[in-house]
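Below you'll find the structure, written out as structure tokens, and then a few comments.
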Amino acid sequence: MRGRITTVKSTDDRVELIAKNIQKGRVDASIHTFAALALAQRCGDSWCVEPRDWAGEVQQIGSAIKNSVRYTLDTYNIDTYRTPQRTLQMAIGDCDDMAALGGAVLQAVGYPIMIKVIQMSGQADFHHIYLMVGLPPHDPRNWIAFDPTQDIAVGAEPAGIIDSRLYEVK
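In this text, residue positions in the sequence shown follow full-length UniProt numbering: the first is 1, and each later residue adds one.
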């Protein structure tokens, strides 16, 4: 496996790279297949998650990612940025990898997303990243947190946030 070296000098650069990975990934066949396998499960005579159960779909996608990709730190002293496809292949990733994967899968099935970067108490700068998902997808009136790296439910955010930034992914 070969990687590409990209210089990331700021939080904005980091988010721009992740957003590009999301935009490329959301049209990839492997990402659409992952979404289909997560959502098209039957429970008896009906779907496990009913069509138009927007919150249920987002929850199911979060569970599928948690069950398929193990949270793992980046290479020592190097911040890596995997494509969503590579994260699925390797089945490991940190918060930016999981944000790219989650964003690609969610956008592949029609959800608007924003990338959220946060600074937590005791940290000198922004150090964690996750998604906000718009519900309902065609006219978002509510944005819920989506962070498969944490042992928290979809919709919950980490405790201790002292600053944050939101970035829309078109």
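Glycine is no exception: its CB is placed at the ideal position from the N, C-alpha and C atoms.
Since this is a predicted model, take the numbers as computed values, not measurements.
- Under the DSSP definition of a beta bridge, S68 lacks any partner.
- Closest option to C48, judged by alpha-carbon separation, among I61, L39, A55: L39.
- DSSP, read as helix, strand or coil, puts H128 in strand.
- Just measuring C-alpha positions, the residue of L101, I78, D151 sitting nearest Q89 is L101.
- Counted as a single uninterrupted DSSP element, the alpha helix (DSSP H) harbouring E16 occupies residues 11 to 25.
- Listed in chain order, the beta strand (DSSP E) elements of length 3 or more contained wholly in the UniProt domain "Transglutaminase-like" (56 to 148) are 113 to 120, 128 to 135, 142 to 146.
- Assigned with DSSP and collapsed to three states, I162 falls in strand.
- Contact between P148 and M114 is absent: CB atoms are separated by about 16 angstroms, not below the 8 angstroms threshold.
- For V154, the closest of N21, I22, G56, G44 by C-alpha to C-alpha distance is G56.
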